[in-house]
Structures are given as C-alpha cells and as structure tokens.
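Enquirer:
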Amino acid sequence: MAELSINERQAGDVTVLDMSGKITIGEGSVALRGAIRKLIEEGKKKILLNLSQVSYVDSSGIGEFVASFTAIGREGGQLKLLNLTQKIQDLLAITKLLTVFDTYDDESSALNSFK
Amino acid sequence: MFDARQRMPVCRRVLFEERSRSATVTEETTELTLPSRIEAIAEAAAKADEVAGRLRLSEDAAFGLDMAVREAVTNAVLHGNKQDASKPVEIAFTDAGGELVVTVRDRGTGFDPANVDDPTAKENLLKASGRGILFMRNFMDTVEWLPHPEGGTVVRMTKKR
Numbered sequence: 003m004a005e006l007s008i009n010e011r012q013a014g015d016v017t018v019l020d021m022s023g024k025i026t027i028g029e030g031s032v033a034l035r036g037a038i039r040k041l042i043e044e045g046k047k048k049i050l051l052n053l054s055q056v057s058y059v060d061s062s063g064i065g066e067f068v069a070s071f072t073a074i075g076r077e078g079g080q081l082k083l084l085n086l087t088q089k090i091q092d093l094l095a096i097t098k099l100l101t102v103f104d105t106y107d108d109e110s111s112a113l114n115s116f117k
Numbered sequence: 078m079f080d081a082r083q084r085m086p087v088c089r090r091v092l093f094e095e096r097s098r099s100a101t102v103t104e105e106t107t108e109l110t111l112p113s114r115i116e117a118i119a120e121a122a123a124k125a126d127e128v129a130g131r132l133r134l135s136e137d138a139a140f141g142l143d144m145a146v147r148e149a150v151t152n153a154v155l156h157g158n159k160q161d162a163s164k165p166v167e168i169a170f171t172d173a174g175g176e177l178v179v180t181v182r183d184r185g186t187g188f189d190p191a192n193v194d195d196p197t198a199k200e201n202l203l204k205a206s207g208r209g210i211l212f213m214r215n216f217m218d219t220v221e222w223l224p225h226p227e228g229g230t231v232v233r234m235t236k237k238r
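So the protein lines, in turn, are chains X and W.
Residues are numbered in the numbering used here as their position in the first sequence, beginning at 1, plus a constant of 2.
Residues are numbered in the numbering used here as their position in the second sequence, beginning at 1, plus a constant of 77.
(1) Whose C-alpha, out of 219/W, 188/W, 137/W, is nearest the C-alpha of residue 88/X?
(2) Cα-Cα, which of 95/X, 36/X, 80/X, 79/X is closest to residue 86/X?
(3) Less than 8 Å between CB atoms is the rule here; does residue 144/W satisfy it with respect to chain X?
(4) For residue 167/W and chain X, any beta-carbon pair shorter than 8 Å?
(5) Would you kindly work out how many angstroms separate the C-alpha atoms of residue 110/W and residue 17/X, rounded to a whole number?
(6) Should residue 97/X and residue 203/W be called a contact, given that it needs their Cβ atoms to be closer than 8 Å?
(7) What does residue 185/W reach in chain X if we use C-beta pairs closer than 8 Å?
(8) Between which residues of its own chain and residue 220/W is the CB-CB distance below 6 Å, once the five residues before and five after are set aside?
(9) Return the first residue and the last residue of the alpha helix (DSSP H) that residue 176/W is part of.
(10) For residue 141/W, count neighbouring Cβ atoms within 10 angstroms of its own Cβ and tell me buried if that reaches 16, exposed if not.
(11) Beta-carbon separation of residue 36/X and residue 5/X under 8 Å?
(12) Could you compute how far the alpha carbon of residue 143/W sits from the alpha carbon of residue 123/W?
(13) If distances are taken between C-alpha atoms only, which option among 41/X, 108/X, 22/X, 8/X comes closest to residue 81/X?
(14) So the candidates are 194/W, 238/W, 197/W, 181/W; which of them puts its Cα closest to the Cα of residue 229/W?
(15) Please list the partners that residue 107/X has in chain W, where partner means a Cβ-to-Cβ separation under 8 Å.
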C-alpha cells in the first residue's frame, strides 16, 4: 500500500486534495510534490490540502508544504490547509509556519476564503 | 570492510548489569546498523517505536522519539553519508535508568550545528529544508554532536523517562 494516497476533487474553482497516510521523506513527499506539479501544469491555482487523514508528517513533509505554498504562490495562486491534526498543528507552531499558512478546520469556511 | 548485503540489518539487545552498593542498575541497549538509504529512516523509526513500546513511553514521548530518530537518521543518510549505501548508519537506544539515550553515528566528514541557519527566522521561513534539527531539539531533552574517534559524527540525544 502506498505511504500516501491523494484523492483530487473539485469544489467550484478550488481543487481539494484529500490526503491519507504519511508525508515523510521519500515516497510521501514525492507523491505530494507530483500532485502539486500536475495541478500547476493544469492551471489549477486554488488548492486546499485536506490533512484530516494524514497520520504523520516529518521535516521533509513540512518542507513539501512550504515548497508547494511557494510554487503555487509564484503562479499567482493560493494554497491553504484544512483539518490539521493536533500533531501537525504542533509541528507548524514549532516551525512558526502557522504564521505563514492559512489553516481551517471546516471545509466551507476554507472554500469561501479563496478569492 | 563493511558489507551491506551480508551484515544488515543487524540488531541486537545487550544487557549490562552494574552492581552498586545499594542497588542493581540495569542498562539495556538496542543496536541497529543500516545502509545509507532512504528506506533506513523508516526502519530506524520502526525500531524507535518498538523501544518506546517496550519502555512504555507516553504517546507524546513515543511520537517525539520517533520524530527525533527519523530526523537524526535522515541527516546521517543524506548529509553525513550522502546516501552511499556502503556506509553504515549505526543507531543505539540505551535505557539508562531515568533516561533514554539515543545515538546515531554516520561516517561523514563532521558536522557543526552552529553552521545551520535558524529555520524559524523570518528570512528562512519559506525554505523547503532545514527543520530537522529544530524537531530533534524540540522533542528530546538534550541533543549534542560529537566526533567519533574512529571517524564520522555521533549525534547523542537524551530523553528523561
């Protein structure tokens, strides 16, 4: 079974990636990077990462969030985070990245926040 | 000569008993030697989880140990040994009474943590890497880097139980 599974769905003009598994160095980080690259190539620039089923993220995974955020931003788009587990929230606090990312705990608020 | 095919993974538990005047102090060490491949990181983390379970660490402490070991082994594999699979990463978990001591040795050319940028500084926030040491320091009580007398670097981390 893959370390990270990513399901893509469209909610209006926002692309939601429902992710399940681990985002760690190697397979998980590579899968996220590939998914974001594909969306950018398709011109999809409003992206919401749903992390509710993500059980574990390491520094490589956190780095991948940042790389995705800056890649989408360079294209004039926005990347936001939905349903952070307490542990992921803690990691973002430790790294001071809660000040960088827009995070939401309900999907409708997250979708409405995209301009 | 280190032979990756024949010798890995190696894991053994070693029991030391040291009798003092008033008590018996028992140390238990779990050792693991892995080739410098990305897959070694998950193997080391699985061993950390096993140790945490055996020592009945709290869920938070076990998570922190897992994270610190992943990051230390990641650094050993990527930066110390530069993913040269013929170079081993040696990991040891020692239950030393009131604290757990974890060591990770690489065969690199040395490491000075003072040369690592603060990933929480404003100018570094959007960098894609450089947060592993921050996590190690956050989740363990002490973290130090020492040159190994026979070459390479040892990162030594402790966590009170």
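Virtual Cβ for every residue (Gly too), placed ideally from N, Cα, C.
Expert: In terms of the structure at hand:
(1) That would be 137/W, whose Cα lies nearest to the Cα of residue 88/X.
(2) Closest in C-alpha terms to residue 86/X, from the list 95/X, 36/X, 80/X, 79/X, comes 95/X.
(3) Judged by the 8 Å Cβ criterion, residue 144/W is in contact with chain X.
(4) The Cβ of residue 167/W sits no closer than 8 Å to any Cβ of chain X.
(5) The C-alpha of residue 17/X is placed about 43 Å away from the C-alpha of residue 110/W.
(6) Not closer than 8 Å, so no.
(7) Correct list: empty, because the minimum Cβ distance to chain X is about 18 Å.
(8) Within the same chain, Cβ atoms closer than 6 Å to the Cβ of residue 220/W are found at 213, 214, 234, the five residues on either side in sequence being excluded.
(9) Bounds of any alpha helix (DSSP H) do not take in residue 176/W; it lies within the beta strand (DSSP E) bounded by 176–182.
(10) Residue environment for residue 141/W: buried (at least 16 other C-beta atoms within 10 angstroms of its C-beta).
(11) By the CB criterion at 8 Å, residue 36/X and residue 5/X fall outside the cutoff.
(12) Distance between the alpha carbons of residue 143/W and residue 123/W is about 8 Å.
(13) For the set 41/X, 108/X, 22/X, 8/X, the Cα lying nearest the Cα of residue 81/X is the one of 41/X.
(14) For residue 229/W, the nearest C-alpha among the options comes from 181/W.
(15) Near residue 107/X there are no residues of chain W at all, since even the closest Cβ is about 21 Å away, more than 8 Å.
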